[in-house]
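Chains as they are written, first to last, in the UniProt record's numbering: chain A, 1 to 371; chain B, 1 to 478.
First comes the structure, then the notes that go with it.
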Amino acid sequence: MITPKDESELATAVAEAQGPLRISGGDSRGLTGTGAQLSVAGLSGVSLYEPGALTMVAAAGTPVAEITAMLETERQQLAFEPADLRGLLGRGGAPTIGGAFATNSSGPRRVQAGAARDFLLGVRFVDGRGEILKNGGRVMKNVTGYDLVKLMAGAHGTLGVMSEVSFKVLPRAEFTGTLVWNDLDWAESLSVFQGAMNSPFDVTGAARLPGANGTSKTLVRLEGFETSVLYRLGQLQSRMPATPVDKLVTDAGESDALWKAVRDVAPFHDKAGAVWRSSVKPSDMLRVVDQVSGEHLLDWAGGLIWSMVDPAVDLRAALASVGGHSTLVRPGAGQDDVPRFEPQPAPLAALAAGLRAQFDPRGILNPGLMG
Amino acid sequence: MEMPQPDQQVIAKKASLIAALHEVLPQDAVISDPMETRAYECDALTAYRCPPMLAVLPSSTEEVSDVLRICHAQGVPVVPRGAGTSLAGGALPTADCVILGVARMNDVLETDYDNRIIRVQTGRTNLSVTGAVEDEGFFYAPDPSSQLACAIAGNIAMNSGGAHCLKYGVTTNNLLGVTMVMMDGRVVEIGGAHLDSGGLDLLGVICGSEGQLGVVTEATLRILHKPEGARPVLIGFDSNEVAGACVSDIIKSGILPVAIEFMDRPCIRACEAFAKAGYPDCEALLIVEVEGSAAEIDDQLSRIIAIAKAHNPVELREARDADQAGRIWLGRKSAFGAMGQINDYMCLDGTIPVSTLPEVLRRIGDLSKEYGLEVANVFHAGDGNMHPLILFNANQEGQLETCEALGAEILKLCVEVGGCLTGEHGVGIEKRDLMLHQYSAQDLEAQLRVKDVFDPKWLLNPAKVFPLSVTAARRQPF
Ligand SMILES: Cc1cc2nc3c(=O)[nH]c(=O)nc-3n(C[C@H](O)[C@H](O)[C@H](O)COP(=O)(O)OP(=O)(O)OC[C@H]3O[C@@H](n4cnc5c(N)ncnc54)[C@H](O)[C@@H]3O)c2cc1C
């Protein structure tokens, strides 16, 4: 394993690489493909934190836990709720901030606050030539030149190895309230999501957790100051007379546990089966659960569907007419050859290949991972 | 501002180009009369003008594709244009180019409230997107002050923001999908009604690419339900430092205002003289707006007022109703008009880390004295996006040049303290030559390589964003 200690060592490692590199942060997601492992875990530490400007700059290998703990001292947070998939994937390691952005990992608050890519303000990275490059900065509004920051977010290391990220943080809400409905059918869950999202009440989560024996919990989250949250919880309920709420959770710990379970896909931990993550138009969720047999966890008001299915099921084929895209997050037996990422239409695949050829002309950065 | 010499070989093709365009466009969509092409000679950066060789006004994605295929085959540069309100010269033509205007493409293609999206042709104006959904209680969040006139096309190209983006984000955070025509005429669909588009984030790099990667013809935008209400509070301070500290404290407190606007004394005085909004004559004014129900607004405003009081404000005025709210916003909203009344002005757009606000304002004051031109500051304080307005007299020999030199110094200052050259207006031609202050040659090269992929012949808006010296080799006629 190659373990550079700083950015210039990282650049040298990439420049001198003789073959493919498998890039890792905390290695909590596992690697696919062949080649030497290049870990950025050695590039660690927060170099700037300005709570009054809501910004932080950290080395890419800094553990998310370290960042969260530091933010906690100022009652702030990573509002995009990056997932911790160790439980789902049965892995160890410590998720890093670089990994969270490289995978554009966005949890329940995606519907209101945005995705990881929306919080990433600037990057320093090493491209496939071994050159150190930067884009963006540490300010919240920046349209100076092309936004390569967005391109790096979600590129899974295939365009460059991030060495440093600067990002926006947000205050942590004083109070959280979660409405819980038990065992709704799918259409009822969708109408709860729509009722919640199409309201003025600033919903910060709309999800559905599967439980044992076909049970489920449909969840809607509100955050803010206590009186305001209580007011909005009341308003929301009165707007949904047809689906009375089963439980109102106002205990911080209990709410937190529910939303962590959504974020980290807890119901599928320690269970066999392939796990797919599909991003679809929210109302298409009904078609997905209809066309794919298996267990489903919903997030993003129905727009994000985690499906645990028999590895023999070709989920992409089943959803061919639905639109959106699916990622194979946890392959089951015999799925080694199934592409992790949805193959793209030819014109987009050509653009992506063109960008890869520019940023990684030797094709050594996680080759084949994204197509 | 230098522009490349027009390519005479391209200009020589004018007649054959017109003939080819007439085969794919209606008669009135091809504009070649020099009297009429003058309508496209500039955008809102009016100091620079040059009529294009031709202008075309297609009505559909297919027509845009036909136009680009023809121009691509003949090696003719194309400058896309929305409403022409760019303050950076993004839509400035060259004498050998075709202006491709999307103004005729302004239909709403789909509204889907269940999924909270609207799909529009990109010639549609920003405000009329909200207009199409407000009866159902929805709005499109990014709200540039030019929203009555500017088009979604330009908003996407410039990644435009507005006063309310502190809470709702800028264009890129509210854009879900595009239909885009590449320079060779190929049509690509990126993203859609789902929240995250698959593969590399091409949408992210297209937004803000200033018309250099493709012509965006349709867009899927996220719409949001309107809040129950909104009201501002006006807070005056006798020092910029204290006002800056107050902004920081508000942000840290956990309240997320939709807008925090900041005006300094020169700006307050000019606005007051123009709009008579009853602003106090003080060093710094903040307008902080929050949203929610009446009770929620009261609660948030009282928290903000408590924070402000700890900083000994010279004025505190809470809006109790829509009328009072209107009066508080009146002065701020007329800032540009007020400046225009007094003088010619140049509007800058740098962003700085919020913590450096007092230092930057002080140094802008010093620079203003040094160059002998007055500068008024109005800006989105919550996110550090400054709009210093330099007042000058265009009719006085040399003042435009002095003004530009001062502007460049101010933007370099923004970069020096950890900020950037442009927060929401874009680089265009205006800040092109300053790019090497923010980025190394290699950093810029990485951006040029992106254009190489989308537009290998460098025909789309080629003379913008990057210093001409940096792009010269790529722009050579093929
Ligand atoms: C009074 C005033 C106030 C303003 N306030 C704000 C503000 O608050 N916030 C803010 O962000 N901006 C503001 N602006 C700047 C300007 O309005 C924005 O940049 C706006 O988005 C430009 O839109 P447009 O349609 O006029 O674009 P244009 O000026 O026509 O073009 C702008 C750029 O977009 C490209 N382009 C146009 N159409 C397309 C297309 N179809 N495909 C690809 N590229 C295309 C052009 O080539 C050019 O580079 C203001 C301008 C004025 C005059």
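C-beta atoms are modelled at their ideal positions from N, C-alpha and C, and glycine is treated no differently.
These numbers come from a predicted model, not from an experiment.
- In the three-state reduction of the DSSP assignment, residue 255 (chain A) falls in the helix class.
- Taking 8 angstroms as the cut-off between beta carbons, the residues of the segment 397-423 of chain B near chain A are 418, 419, 420, 421, 422, 423, in sequence order.
- Residue 454 (chain B) places its beta carbon 8 angstroms or farther from that of residue 158 (chain B).
- Under the three-state reduction of DSSP output, residue 186 (chain A) falls in the helix class.
- Taking the Cβ atoms as the reference, residue 410 (chain B) lies roughly 22 angstroms from residue 337 (chain B), outside the contact range of under 8 angstroms.
- As computed with DSSP, residue 24 (chain A) is found in a beta bridge with A:39.
- Along the segment 29-57 of chain A, the positions whose C-beta sits under 8 angstroms from a C-beta of chain B are 50, 51, 52, 53, 54, 55, read in chain order.
- Residue-level contact by beta carbon fails for residue 186 (chain A) and chain B, as no gap is shorter than 8 angstroms.
- Residue 146 (chain A) carries a coil assignment under DSSP once its states are collapsed to helix, strand and coil.
- Residues of the segment 341-356 of chain A that bring their beta carbon within less than 7 angstroms of a beta carbon in chain B comprise 341, 342, 344, 347, 348, 351, 352, 354, 355, in sequence order.
- Between residue 415 (chain B) and the set B:284, B:7, B:385, B:162, the nearest pair of CA atoms involves B:385.
- Comparing alpha-carbon positions, the option among A:368, A:120, A:59, A:264 lying closest to residue 96 (chain A) turns out to be A:59.
- Distance from residue 25 (chain A) to residue 98 (chain A) at the Cβ level is roughly 5 angstroms; contact confirmed, criterion being Cβ atoms closer than 8 angstroms.
- Neighbourhood of residue 153 (chain A) in chain B, by CB distance below 9 angstroms: 201, 204, in chain order.
- The segment 175-191 of chain A makes no contact with the segment 258-266 of chain B, as fewer than three CB pairs between them are under 8 angstroms.
- When only Cα atoms are considered, residue 371 (chain A) and residue 359 (chain A) end up about 15 angstroms apart.
- Listed in chain order, the non-local C-beta contacts of residue 1 (chain A) below 8 angstroms within the same chain comprise 36, 37, 38, 39, local neighbours out to five positions each way being set aside.
- When Cβ-Cβ separations below 8 angstroms define contact, residue 454 (chain B) makes contact with chain A.
- Relative to ligand 1, residue 464 (chain B) has its C-beta within less than 7 angstroms of a heavy atom.
- With distances taken between CA atoms, residue 216 (chain B) lies nearest to B:101 out of B:473, B:101, B:341, B:2.
- Residue environment for residue 231 (chain B): buried (at least 16 other C-beta atoms within 10 angstroms of its C-beta).
- Interface annotation, residue 31 (chain B): not in contact with chain A, CB-CB separation never under 8 angstroms.
- Of A:51, A:73, A:163, A:45, the smallest CA-CA separation from residue 102 (chain A) is found for A:163.
- A Cβ-Cβ separation of about 6 angstroms places residue 277 (chain B) in contact with residue 327 (chain B) under the 8 angstroms criterion.
- At a cut-off of 8 angstroms between beta carbons, residue 435 (chain B) contacts chain A.
- Listed in chain order, the beta strand (DSSP E) runs fully inside the segment 56-100 of chain B are 78-81, counting runs of at least 3 residues.
- Short note on residue 424 (chain B): C-beta closer than 7 angstroms to some heavy atom of ligand 1.
- For residue 303 (chain B), the secondary structure class from DSSP, reduced to helix, strand or coil, is helix.
- By the rule that beta-carbons nearer than 8 angstroms mark a contact, residue 296 (chain A) does not touch chain B.
- When secondary structure is reduced to three states using DSSP, residue 312 (chain B) falls in the coil class, being assigned neither helix nor strand.
- With respect to residue 376 (chain B), residue 339 (chain B) sits close: the two C-beta atoms are nearer than 8 angstroms.
- Fewer than three beta-carbon pairs drawn from the segment 14-30 of chain A and the segment 145-153 of chain A are found closer than 8 angstroms, and the two stretches are therefore not classed as touching.
- Nearest Cα to residue 308 (chain A) within the set A:269, A:301, A:223, A:343: A:269.
- Secondary-structure assignment with DSSP links residue 259 (chain B) through a beta bridge to B:289.
- Residue contact check for residue 92 (chain B) against chain A: no CB pair falls below 8 angstroms.
- The CB of residue 200 (chain A) comes closer than 7 angstroms to the CB of 225, 226, 227, 228 in chain B, given here in chain order.
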